[in-house]
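Asker: Residue numbers (my numbering): 131 to 308.
In this text, a Cβ means the ideal position worked out from N, Cα and C, and glycines have one as well.
No experiment lies behind these values; they were computed from the predicted model shown.
1. Determine the direct distance from the alpha carbon of residue 214 to that of residue 207, and round the result to whole angstroms.
2. Based on the DSSP output, what are the partners of residue 201 in its beta bridges?
3. Tell me the rounded alpha-carbon separation between residue 226 and residue 187.
4. So within the stretch 216-289, which uninterrupted beta strand (DSSP E) runs reach at least 3 residues, ignoring any that extend past its ends?
5. According to DSSP, simplified to helix, strand and coil, what is residue 291?
6. Grab me the residues of residue 171's own chain with a C-beta within less than 8 Å of its C-beta, minus the 5 sequence neighbours each way, in chain order.
7. I'd like to know whether the C-beta atoms of residue 268 and residue 238 end up nearer to each other than 7 Å.
8. Within this structure, are the beta carbons of residue 327 and residue 223 separated by less than 7 Å?
9. With a threshold of 6 Å (Cβ to nearest heavy atom), would residue 251 be considered close to the ligand ZN?
10. Please confirm whether residue 242 and residue 264 have their CB atoms less than 7 Å apart.
11. By how many angstroms is the C-alpha of residue 219 removed from the C-alpha of residue 258?
12. Take residue 288 and list the residues in its own chain whose beta-carbon comes closer than 8 Å to its own, dropping the five residues that flank it on each side.
13. Quick check: the Cα distance between residue 178 and residue 209, rounded to an integer number of angstroms?
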């Protein structure tokens, strides 16, 4: 499976594995869907891989390659539809993929490290889905801040998760927290 990556200077033809390797710089696997060697079925450490219990008949696939496969099949079909203040907004799989790559690039540019935690405080919005996949593409780990009623509970959740980034869908939420 190949994709065309457009840059400002020229168009470059890249494979799926090359595309994803950009976001996982320290990865030494031959293929992005090749499992990382692991010895335990559980861990409490963010940087320690776990052995996945898989049925041999089901091929192993990671979220980015699964998403990219869907993009290649359904590029011009609706992926996300949400209501704007004036009208419904439709984002195609191709547009969704572009937004995810932009989010991933932004996370990397802002300093998200491999296995860094990104907390999400945006609920059922395009921002939530794009940022979640963007963080995963950038090598991050996601945690959701489903509901925080008190400021102290928000800070407790953030401290426990060791999140280095918080994504919010409105400035009102962040002004409540600060």
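Answerer: So, to answer that:
1. 19 Å
2. DSSP, once it has assigned bridges, lists no residue as partnering residue 201.
3. 30 Å
4. 218-222, 247-251 and 271-274
5. helix
6. 180, 181 and 183
7. yes
8. Residue 327 is absent from the model: the chain starts at 131 and stops at 308.
9. For the ligand ZN, the structure offers nothing, since it holds no ligand at all.
10. no
11. 15 Å
12. 249, 275 and 296
13. 33 Å
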